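Visitor: Have a look at this one before I ask anything.
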Amino acid sequence: MADGDVWREKAETINFQYREVPATRGNIYAADGSLLATSLPFYRVALDPTIAKSDRYKAGIDSLARKLSGYYKDKSADSYKRMINDARLDNKRYLVLNRKQIGYQGMQEMSNWPIFREGRLGGGVIFEKVEKRYRPFNSLASRTVGFLNEDQYGAGIEYSFNNYLQGQDGKALFQRLAGGSWKPVFDAEDVKPENGYDVTTTLDVNIQDVAETALRRQLTDRDAEFGSVIVMEVKTGQIKAITNLQRNTSGNGYGENYNFAIGDQGNTEPGSTFKLLSMLALLEENKITLDETVETGNGAHKFYNQTMRDAKNGGYGTLTIREAFEKSSNVGISKLVDEHFGSSPSKFMAYIDKVGLREPFGFQLIGEGKPFFKKPGEKDWYGTSLPWISIGYEVKLNPLHTLALYNAVANGGKMMKPYIVKSISKGNRIEQQYEPEVVRKQIASEKNIKLLQELLEGVVVRGTAKNIANTDYRIAGKTGTAQKLVNGQYTRVYYTSFAGYFPADNPKYSMVVVIDSPKGFAAYGGDVSAPVFKEIADKIYALDIELNPENQQEIFRAEAQGTQLPYVQAGKAEELQEIFQELGLKASAANPEEWVKTVSREASVEMNVNDTDKSLVPDVSGLPLRDALFILENKGMKVNYTGKGRVKGQSISPGSALTPNATINLVLG
Numbered sequence: 001m002a003d004g005d006v007w008r009e010k011a012e013t014i015n016f017q018y019r020e021v022p023a024t025r026g027n028i029y030a031a032d033g034s035l036l037a038t039s040l041p042f043y044r045v046a047l048d049p050t051i052a053k054s055d056r057y058k059a060g061i062d063s064l065a066r067k068l069s070g071y072y073k074d075k076s077a078d079s080y081k082r083m084i085n086d087a088r089l090d091n092k093r094y095l096v097l098n099r100k101q102i103g104y105q106g107m108q109e110m111s112n113w114p115i116f117r118e119g120r121l122g123g124g125v126i127f128e129k130v131e132k133r134y135r136p137f138n139s140l141a142s143r144t145v146g147f148l149n150e151d152q153y154g155a156g157i158e159y160s161f162n163n164y165l166q167g168q169d170g171k172a173l174f175q176r177l178a179g180g181s182w183k184p185v186f187d188a189e190d191v192k193p194e195n196g197y198d199v200t201t202t203l204d205v206n207i208q209d210v211a212e213t214a215l216r217r218q219l220t221d222r223d224a225e226f227g228s229v230i231v232m233e234v235k236t237g238q239i240k241a242i243t244n245l246q247r248n249t250s251g252n253g254y255g256e257n258y259n260f261a262i263g264d265q266g267n268t269e270p271g272s273t274f275k276l277l278s279m280l281a282l283l284e285e286n287k288i289t290l291d292e293t294v295e296t297g298n299g300a301h302k303f304y305n306q307t308m309r310d311a312k313n314g315g316y317g318t319l320t321i322r323e324a325f326e327k328s329s330n331v332g333i334s335k336l337v338d339e340h341f342g343s344s345p346s347k348f349m350a351y352i353d354k355v356g357l358r359e360p361f362g363f364q365l366i367g368e369g370k371p372f373f374k375k376p377g378e379k380d381w382y383g384t385s386l387p388w389i390s391i392g393y394e395v396k397l398n399p400l401h402t403l404a405l406y407n408a409v410a411n412g413g414k415m416m417k418p419y420i421v422k423s424i425s426k427g428n429r430i431e432q433q434y435e436p437e438v439v440r441k442q443i444a445s446e447k448n449i450k451l452l453q454e455l456l457e458g459v460v461v462r463g464t465a466k467n468i469a470n471t472d473y474r475i476a477g478k479t480g481t482a483q484k485l486v487n488g489q490y491t492r493v494y495y496t497s498f499a500g501y502f503p504a505d506n507p508k509y510s511m512v513v514v515i516d517s518p519k520g521f522a523a524y525g526g527d528v529s530a531p532v533f534k535e536i537a538d539k540i541y542a543l544d545i546e547l548n549p550e551n552q553q554e555i556f557r558a559e560a561q562g563t564q565l566p567y568v569q570a571g572k573a574e575e576l577q578e579i580f581q582e583l584g585l586k587a588s589a590a591n592p593e594e595w596v597k598t599v600s601r602e603a604s605v606e607m608n609v610n611d612t613d614k615s616l617v618p619d620v621s622g623l624p625l626r627d628a629l630f631i632l633e634n635k636g637m638k639v640n641y642t643g644k645g646r647v648k649g650q651s652i653s654p655g656s657a658l659t660p661n662a663t664i665n666l667v668l669g
């Protein structure tokens, strides 16, 4: 008898088991609250056909089979009926009705079907929740948002912040069935999963979209290998956009396969953008004035057994130091550094430490590469090392470090730590807040920072990037063109770049653009990377009201103060009410939970309820995509969309009769 109890207990242990129930993964947001990644619930539909009582089973099986056949459209109603009947006769406790997963609306619809409407305990229906990651902006910032695979390995924010996003899995009792499958059963000891935290980034979806579009176009036009763009806010170090595009293995198009902007593979010889550091060191040591001259001769100068050359055939002759920087003379800059630091190269290299470029920043995304710099006195240091380092060779930096240096010059000498996540939260509770962090309070004297700013503006006004000068706002920056090292030999294949900031007189954004191995005529930084910088900067300038001319700001203020009411289309009443209050406008009251359209009435705005009758197709014109998705998908509609912005057209007219599982196409603009 005792042995029987042992075996019964053992059988229970084998057949029943507490298993993990995955928590709902947290959302990832852009800075303005736009949803970059979320988890949508899907369901696998199974049935315990032995549960339903005989009379209810007989009354409902024919209708249930017809509904399953009509919904899945993969087999006849007779086939479904036969499959369920056979499982009931065999006393099978767990039957997967279809491997295709259904959405939340489908689950709600099925819950009202015969037999299913009796629930799990009365009808035996089992809706097994399976969550899938969904990105409303599709591939936008895909490498930055990242991924996490089944082995818990991944990239980007999904991987780097997984401890917050994943939440705490729960536990529930499952019963082992014939064939090795497991069926969940109710138990008082079940532990509910604790959902993950939400991550809010510093990214601006509009700037991200502009950066990706401009970079992709240039990579395609130049048949390049890969490219990266980072846009950063000068005062804070917040990353507003980061994109990495690499030629697909098929050779067709470009995808985000690796984060060259921060990773080890992005660590490469930066070329002439590093000349900014050389000028900083020369100025800080009081070795030069910008109006002194340097002889560059015919564009070739020998250091020991190696010859330094300028890009211009025949050289530049005698230049002022200012001109040597603006024209990016390799000979001029390397001669100056060798002359003033050749006997004490450690003093020059110390400025790399002073500005904070030698070590990783501890960036929030896993995988940041470590810069590489030689040290005087070590076995790989040669007499030629200092001249070549001074123009960005024999060192390795990723674009993030280069940008941080230029951002510091734009910021009056204060170097900010770049960051891309600003908060971790759950509901209204902030778990972790990330604030701007100063890496170096002052990388150079105020006087010398102003001289460096003059030099960078001069590059765009008179130098290698004068092709991107414009009359609307001023750009400051430096071109870079580094020959690529292949099998120990420098080649005629280039790594091109442009790093800078704008507007130059009151910097708000800094940016770095790198493009690897561009093909075609004039494959230099000024011809390849600088135009991408300008295209992105132009569009940011147009989007940012703070950067527009004063008269445009006055128009905006006048609109906000009521001389001309701002144009508001549609949205959630509660959200619009907050905006109107902030602008000091009168707005008619509405139920906070209602969706509304607005009408301007003299000095006030009237909010009219946007009818969302459950039996009719709603009017989503004027709504942002996320609001339109929420309304339409909660009505069981499948949504496709093209374009960016708010909804300006829908394929099914508002007020039409609602057809279950109908597909509606939205046009955004």
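Residue 474 in UniProt numbering is what sits at position 474 of the sequence shown, and the numbering runs on without skipping anything. Backbone N, C-alpha and C fix where the C-beta goes; we use that ideal spot for every residue, glycine too. Since the model is a prediction, treat every value here as computed from it, not as a measurement.
1. Secondary structure at Lys466, three-state DSSP: helix, strand or coil?
2. In whole angstroms, give me the CA-to-CA distance for Phe498 and Glu158.
3. List the endpoints of the continuous beta strand (DSSP E) containing Val35.
4. Relative to the C-alpha of Val459, which candidate in Gly526, Leu95 and Thr220 has its C-alpha closest?
5. Tell me the DSSP secondary structure of Phe274 in three-state form.
6. DSSP three-state label for Ile664, please.
7. Under a three-way DSSP split, which group does Gln650 fall into?
8. Inspect the beta-carbon positions of residue 698 and Ser328 and report whether they are closer than 8 Å.
9. Below 7 Å, is the gap between the Cβ of Phe137 and the nearest heavy atom of the ligand GTP?
10. Would Val96 and Val421 qualify as a contact pair, given that the criterion is a beta-carbon distance under 8 Å?
11. What residues in its chain sit with their C-beta under 8 Å from that of Asn448, if we drop five residues either side in the sequence?
12. What number of angstroms, rounded off, separates the C-alpha of Thr318 from the C-alpha of Leu276?
13. Do you know offhand how far Thr391's Cα is from Gly167's?
14. Excluding the five sequence neighbours on either side, which residues of its own chain have a C-beta within less than 7 Å of the C-beta of Lys648, listed in chain order?
15. Let me check understanding here. Comparing Cα to Cα, which of Tyr164, Gln208, Ala469 and Ser160 lies closest to Asn138?
16. For Phe116, list the residues DSSP reports as bridge partners.
17. Checking the sheet assignment: what are the DSSP bridge partners for Tyr495?
18. State the Cα-Cα distance for the pair Gly362 and Gly124, rounded to the nearest angstrom.
19. Considering Ala77, what are the terminal residues of the beta strand (DSSP E) in which it resides?
20. CB Ala504 to CB Glu457, shorter than 8 Å?
21. In the DSSP output, what is Asn98 paired with across the bridge?
22. Once DSSP output is grouped into helix, strand and coil, what is the label at His301?
23. Excluding five sequence neighbours on each side, which residues of the same chain lie with their C-beta closer than 6 Å to the C-beta of Thr307?
24. Check Thr213 in the structure and name its three-state DSSP category.
25. Determine the direct distance from the alpha carbon of Phe303 to that of Asn244, and round the result to whole angstroms.
26. Taking the alpha-carbon positions, what's the Lys379 to Ser385 distance?
27. If you follow the beta strand (DSSP E) that Leu386 is in, where does it begin and where does it stop?
28. Mark Ser510 as exposed unless 16 or more other C-beta atoms lie within 10 angstroms of its C-beta, in which case mark it buried.
29. Going by C-alpha distance, which of Phe226, Gln238 and Ala261 is nearest Gly251?
30. With distances taken Cα to Cα, identify the nearest neighbour of Val439 among Leu357, Arg66, Asp204 and Val210.
31. Would you kindly work out how many angstroms separate the C-alpha atoms of Asn551 and Ala542, rounded to a whole number?
32. Please report the straight-line C-alpha distance between Asn398 and Asp264, rounded to a whole angstrom.
33. Assuming Tyr641 is part of the beta strand (DSSP E), what are its boundary residues?
34. Relative to the alpha-carbon of Asp48, which residue among Ser79, Ile84 and Arg93 has its alpha-carbon at the smallest distance?
35. Starting from Leu165 and walking both ways along the alpha helix (DSSP H), at which residues does that stretch end?
36. On the three-state DSSP scale, how would you describe Glu158?
Guide: Working from what's here:
1. By one-based count along the sequence shown, residue 466 stands at place 466. Helix.
2. Here residue 498 is taken as the residue at index 498 of the sequence shown, counted from 1. Here residue 158 is taken as the residue at index 158 of the sequence shown, counted from 1. One C-alpha to the other measures close to 30 Å.
3. Taking the first residue of the sequence shown as 1, we reach residue 35 at position 35. As written in the sequence, residue 35 is Leu, which differs from the Val given in the question. Annotation: the continuous beta strand (DSSP E) that includes Leu35 extends over Leu35 to Leu47.
4. Walking along the sequence shown from the start, residue 459 turns up at place 459. Cα-wise, what sits closest to Val459 is Gly526.
5. Locating residue 274 in the sequence shown gives position 274, counting from the first residue. The answer is helix: DSSP assigns Phe274 an H, G or I state.
6. For the purposes of this step, residue 664 is taken as residue 664 along the sequence shown, with counting starting at 1. Ile664 sits in a strand when the DSSP states are folded into three classes.
7. Locating residue 650 in the sequence shown gives position 650, counting from the first residue. For Gln650, the secondary structure class from DSSP, reduced to helix, strand or coil, is strand.
8. Residue 698 lies beyond the range of the chain shown here (1 to 669); nothing can be said about it.
9. This structure does not include the ligand GTP; it has no bound ligands of any sort.
10. In the sequence shown, counting from the first residue as 1, residue 96 sits at position 96. In the sequence shown, counting from the first residue as 1, residue 421 sits at position 421. Not in contact: Val96 and Val421 (Cβ atoms no closer than 8 Å).
11. Residue numbering aside, residue 448 sits at position 448 when the sequence shown is read from its first letter. Within its own chain, the residues whose Cβ lies closer than 8 Å to the Cβ of Asn448, once the five positions on either side in sequence are excluded, are Leu280, Leu283 and Glu284, listed in chain order.
12. Looking up residue 318 in the sequence shown gives position 318. Looking up residue 276 in the sequence shown gives position 276. Straight-line Cα distance between these residues: approximately 21 Å.
13. For the purposes of this step, residue 391 is identified with residue 391 of the sequence shown, where counting begins at 1. For the purposes of this step, residue 167 is identified with residue 167 of the sequence shown, where counting begins at 1. What sits at residue 391 in the sequence shown is Ile, not Thr. Between the C-alpha atoms of Ile391 and Gly167 there is a straight-line separation of about 48 Å.
14. Here residue 648 is taken as the residue at index 648 of the sequence shown, counted from 1. Cβ neighbours of Lys648 within its own chain (closer than 7 Å, five residues either side excluded): Ser621, Val667, Leu668 and Gly669.
15. Walking along the sequence shown from the start, residue 138 turns up at place 138. Out of Tyr164, Gln208, Ala469 and Ser160, the CA that lies nearest to the CA of Asn138 is found in Gln208.
16. Locating residue 116 in the sequence shown gives position 116, where the first residue counts as 1. The partner list for Phe116 (beta bridge, DSSP) is empty, contrary to what the question assumes.
17. Start at 1 with the first residue of the sequence shown, and residue 495 comes out as number 495. In DSSP, Tyr495 forms a bridge with Ala482 and Asp516.
18. Here residue 362 corresponds to residue number 362 of the sequence shown, with the count starting at 1. Here residue 124 corresponds to residue number 124 of the sequence shown, with the count starting at 1. Taking the straight line joining both Cα atoms gives about 53 Å.
19. Taking the sequence shown and counting its residues from 1, one reaches residue 77 at position 77. Run containing Ala77: none in the beta strand (DSSP E); it sits in the alpha helix (DSSP H), Ala77 to Leu89.
20. Counted from its first residue, the sequence shown places residue 504 at position 504. Counted from its first residue, the sequence shown places residue 457 at position 457. Their beta carbons are under 8 Å apart, which means Ala504 touches Glu457 by this criterion.
21. The sequence position of residue 98 within the sequence shown is 98, counting from 1. When beta bridges are read from the DSSP output, Asn98 appears opposite Val45.
22. Residue mapping note: residue 301 aligns to position 301 of the sequence shown, counting from 1. Of the three classes helix, strand and coil, the one that applies to His301 here is strand, per DSSP.
23. As a first step, residue 307 must be located in the sequence shown, where it is residue number 307. Contacts found: Ala300.
24. As a first step, residue 213 must be located in the sequence shown, where it is residue number 213. Thr213 carries a helical assignment under DSSP once its states are collapsed to helix, strand and coil.
25. Within the sequence shown, residue 244 is the residue found at index 244, counting from 1. Within the sequence shown, residue 303 is the residue found at index 303, counting from 1. Rounded to whole angstroms, Asn244 to Phe303 spans 37 Å at the Cα level.
26. Sequence index remark: in the sequence shown, residue 379 carries index 379 (1-based). Sequence index remark: in the sequence shown, residue 385 carries index 385 (1-based). Looking at the two C-alpha atoms, the distance is approximately 11 Å.
27. Taking the sequence shown and counting its residues from 1, one reaches residue 386 at position 386. Counting along the chain, Leu386 falls outside any beta strand (DSSP E), though it belongs to the alpha helix (DSSP H) covering Ser385 to Ser390.
28. Taking the first residue of the sequence shown as 1, we reach residue 510 at position 510. In summary, Ser510 is buried, with 16 or more beta-carbon neighbours lying within 10 Å of its beta-carbon over all protein chains present.
29. Along the sequence shown, read from residue 1 onward, the residue named residue 251 stands at position 251. Closest in alpha carbon position to Gly251, among Phe226, Gln238 and Ala261, is Phe226.
30. Numbered from 1 along the sequence shown, position 439 holds the residue referred to as residue 439. It is Leu357 whose Cα lies nearest to the Cα of Val439.
31. Here residue 551 is taken as the residue at index 551 of the sequence shown, counted from 1. Here residue 542 is taken as the residue at index 542 of the sequence shown, counted from 1. Here Asn551 scores only 39 on pLDDT, less than 50, and its place in the model is too uncertain to base an answer on.
32. To locate residue 398, count along the sequence shown from 1; it is residue 398. To locate residue 264, count along the sequence shown from 1; it is residue 264. Those two C-alpha atoms are separated by around 7 Å.
33. On the sequence shown, residue 641 is found 641 positions in, with the first residue counted as 1. Per DSSP, Tyr641 belongs to the beta strand (DSSP E) from Lys638 to Thr642.
34. Along the sequence shown, read from residue 1 onward, the residue named residue 48 stands at position 48. Nearest of Ser79, Ile84 and Arg93 to Asp48, Cα basis: Arg93.
35. Along the sequence shown, read from residue 1 onward, the residue named residue 165 stands at position 165. Element bounds for Leu165: Asn162 to Leu165.
36. Sequence index remark: in the sequence shown, residue 158 carries index 158 (1-based). In the displayed model, Glu158 falls within a helix according to three-state DSSP.
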